[in-house]
Every structure is written in structure tokens, then in C-alpha cells.
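Note sheet for the following structure.
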Amino acid sequence: MTTAKTDEVVKESPAPATPSDQRERDRMRRRLARRRGGGWWPYLFLAPWFVGLFGLTIYPMLDSLYLSFTNFDLLTPAQWVGTDNYERMFTEDPVFWDSVHATLVYVVVSVPLKLALALGVAMLLNRDLKGIGLYRAAFYLPSLLGGAVAIAIVWRQVFGGDGLFNDFLGWFGIKGQDWISSPDTALYTLVLLAVWQFGTPMVIFLAGLKQLPKDVYEAAAIDGASPVTRFFRITLPLLTPIVFFNVVLQIIDAFKTFTPAFVISNGSGGPLNSTMLYSLYLYKKGFTDLQMGYASALAWVLFLVIAGFTAVNFIASRYWVHYDD
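Under the numbering used here, the first residue of the sequence shown carries the number 490, and numbering increases by one thereafter.
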């Protein structure tokens, strides 16, 4: 009986802590204390991002939304006018509709051509050839230079009356014209400049092509599928997520195009508003005519249009974009 009680006491009594156990407990207590005391450190490191988000994005957007309902000329205090700017835009401003027409033509024509050229060149460069890296860099170079003011000035000289393009046509006995000064062709010189900057979507397509499974192509080749069949039945369906990504990015970028239209038309949007892209018209209203309230309303309409196009793209992607599940 005495022996059993002694065994229960031995089982219930905690084992005495060794020096190593005590050091481990002290180390855990210090670690927990550091965690409790360092709860605000992550927010401190994120503070610059929060300052940038609210100071450079959220606040300017809200201020722009307020100004879109005012008559503000940068020199006198803003005066509340309600929805007058929006009503004027849609009912009394013919230049607004000219800019909408030019921008839609620019987006609808330039984006498909640019993506088709980018995909074609990417497929040509998706080979293991000697010096292929040099070729890829050469084709990407226009994207680095295409948005520069200097290139836009060169573009204006190329398509001028005495430009290189007319010299090229002269070799075939074709008499050219001043493509920049004609309202029928001026906008399409901007389209060509946009298509020429196909390097960025080309690199994205090239990265996507590198990820396609080679065994599928080998099986299709054994079955006798032609290169055209392999492209439409294998390459294009597997590449639809990359195509969708490029479509969304290029549409947003096309809607925001400003520098080429400003430089080629000398800031006028001419001839006859044929190159008056929406961003250029917005800039003229804000910084040339000092109608900041009206320019803010234009900016918000552009924002809503881009958001609408993006939303439609995402909805439509359910029917033609294929993901590997």
C-alpha cells in the first residue's frame, strides 16, 4: 500500500527543470516579448507605400472628381457648377466627339495589328538559332525608343511631303503626298508608329511560347498535322491567357496615348482634329485653355471608358480563354 502511494506521487509530481530546459523557456519568453513589442514594425515599413497610395493616387482622384463638378481655371477659386461640364461635353462640344472618334479608330486598328505582328515575330524568334538573342534585342529596341519625343519627330519627317516614305514609294513609280498634313491619313501614321512598338507584347508572347509543352507538338507532327493546323489547334488555344493579358494591357495603353499625337501635330490635334486623341484633348483643355474643371470631367469619362472596356474583356474571356486546371 505504501509503495503504491509513493508511485502515484512520483507520477503526478512534475520533473524538476534542468538548466537547459530553463534556458529554452527563457528564450521563448524573450521571443514572445519581441513579437508583442514589434507589432507596429510592418506598418512602419509599409508607411511609404501608404503615403504614396493616399497622397499621390487616392487624394488626387477624389480632388479631380470634385473639380469635375466645378468651374476651375487654376487662377481663381473653384465654383460649383454641378453636372454642367458633363452636359457640355456630350451635347455642346463637337471637338469632344472628334477626339472620341479618333481615339476609337486608333484603338480598334492599332491594337489588333500590333498584337498580330508581335505574335508573328515572337514565333519566328522562338527558335534555337545562333545569335538569336541579338535578333530579339533588335526587335525589342523600337519599344524602348518608340515612345520618345525624338522618335515622334523623326516619324513626322519620315511621313512628310519630302520624307523617306515618299522616296520609297518613288522607287515603284508611286507619287506620294504629305501623309501628316492630310486628314485622311494623319491618324494612320500614328497607328503605324504604335504598331512599330510591338516589342513589349512580343516579349510576353515569346515567354508564353517557351512554356508550351513540346510533346503535344511532337504527337501532332506524328499524326501529320500541318504547321497551320498546329498553330490554330495547339498554339493559339494554349496561348489564350497570354493573348488576353496583352489585349487588356494594349487597349489601356492605346486609350492613354498622348506623346506621338502631340508631337506629330505640334500639339494642335490637326489637321481638322484628325489626330486629336482623347488624352491630347484632355491636356489642351486643362493646360492650354486652363479649364481644369472640364478637363477633370474628361479624365473621369476616360477612366470609366477604360474600366468598362476592361470589364467587358474580363467577362468575354470566360468564353475564349483556356486555363490549365
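Where is the CB? At the ideal position from N, CA and C, for every residue including glycine.
The structure presented is a predicted model; accordingly, all values stated were derived computationally and were not measured.
Practice task
Below 8 Å on the Cβ atoms is my guess for L728 versus G697; work out the distance and round it to an integer in Å.
Solution key: Along the sequence shown, read from residue 1 onward, the residue named residue 728 stands at position 239. Along the sequence shown, read from residue 1 onward, the residue named residue 697 stands at position 208. Yes, L728 and G697 are in contact; Cβ-Cβ is about 5 Å, under 8 Å.
Handout entry: Enclosing alpha helix (DSSP H) for R722 [first to last residue]
Key = If you number the sequence shown from 1, residue 722 lands on position 233. No alpha helix (DSSP H) contains R722, which DSSP labels as neither H nor E.
Practice task
Assign N755 to one of three DSSP states: helix, strand, or coil.
Solution key: Stepping through the sequence shown from its first residue, residue 755 is reached at position 266. Reduced to three states, the DSSP call for N755 is coil.
Problem - Unbroken stretches of the alpha helix (DSSP H), 4 residues or longer, contained in the stretch 752 to 814 - result: Whole alpha helix (DSSP H) segments, 4+ residues: 767 to 772, 781 to 809.
Exercise for the section: Go to R577, then tell me how far its alpha helix (DSSP H) extends in each direction, as first and last residue. Expected result: Taking the first residue of the sequence shown as 1, we reach residue 577 at position 88. Residues 573 to 580.
Practice task
Taking only the alpha-carbon atoms, compute the straight-line gap between L614 and Q739 and give it to the nearest angstrom.
Solution key: Position 125 of the sequence shown holds residue 614. Position 250 of the sequence shown holds residue 739. Whole-angstrom Cα-Cα distance: 21 Å.
Practice task
Let me know the secondary structure DSSP gives T507 once reduced to three states.
Solution key: Residue mapping note: residue 507 aligns to position 18 of the sequence shown, counting from 1. The answer is coil: DSSP assigns T507 none of H, G, I, E or B.
Exercise for the section: Check whether the Cβ atoms of L769 and F747 lie closer than 8 Å to each other. Expected result: By 1-based counting over the sequence shown, the position of residue 769 is 280. By 1-based counting over the sequence shown, the position of residue 747 is 258. The answer is yes: Cβ separation under 8 Å.
Handout entry: Helix, strand or coil at T674 according to DSSP, with G and I counted as helix
Key = Sequence index remark: in the sequence shown, residue 674 carries index 185 (1-based). In this structure, T674 counts as coil in the three-state DSSP scheme.
Handout entry: When P749, G758, R518, K699 are compared against R616, the one with the closest alpha-carbon
Key = Translated into the one-based positions of the sequence shown, residue 616 becomes position 127. Comparing Cα positions, the closest option is K699.
Problem - Contact belief for L791 with Y767 at Cβ below 8 Å, rounded distance in angstroms - result: For the purposes of this step, residue 791 is taken as the residue at position 302 of the sequence shown. For the purposes of this step, residue 767 is taken as the residue at position 278 of the sequence shown. Right, their Cβ atoms sit about 6 Å apart.
Practice task
Count the other C-beta atoms from every protein chain shown that fall within 10 angstroms of the C-beta of L556, then say buried if there are 16 or more, exposed otherwise.
Solution key: Numbered from its first residue, the sequence shown carries residue 556 at position 67. Here L556 is buried. Its C-beta has 16 or more other C-beta atoms within 10 Å.
Handout entry: Alpha-carbon spacing of S718 relative to L701, whole angstroms
Key = For the purposes of this step, residue 718 is taken as the residue at position 229 of the sequence shown. For the purposes of this step, residue 701 is taken as the residue at position 212 of the sequence shown. The question names Ser, but residue 718 is Thr in the sequence shown. A direct Cα-to-Cα measurement between T718 and L701 gives close to 16 Å.
Problem - Simplified DSSP state of Q686, which is helix, strand or coil - result: For the purposes of this step, residue 686 is identified with residue 197 of the sequence shown, where counting begins at 1. DSSP places Q686 in coil when its eight states are reduced to three.
Handout entry: Inter-residue Cα distance where the pair is V801 and L521
Key = By 1-based counting over the sequence shown, the position of residue 801 is 312. By 1-based counting over the sequence shown, the position of residue 521 is 32. L521 has its alpha-carbon roughly 50 Å from the corresponding atom of V801.
Handout entry: Span separating the alpha-carbon of T491 from that of R514
Key = Numbered from 1 along the sequence shown, position 2 holds the residue referred to as residue 491. Numbered from 1 along the sequence shown, position 25 holds the residue referred to as residue 514. Bear in mind that a pLDDT of 44 at T491, under 50, signals an unreliable position, so the number given afterwards is only what the model happens to contain. Using only the alpha carbons, I get a separation of about 36 Å.
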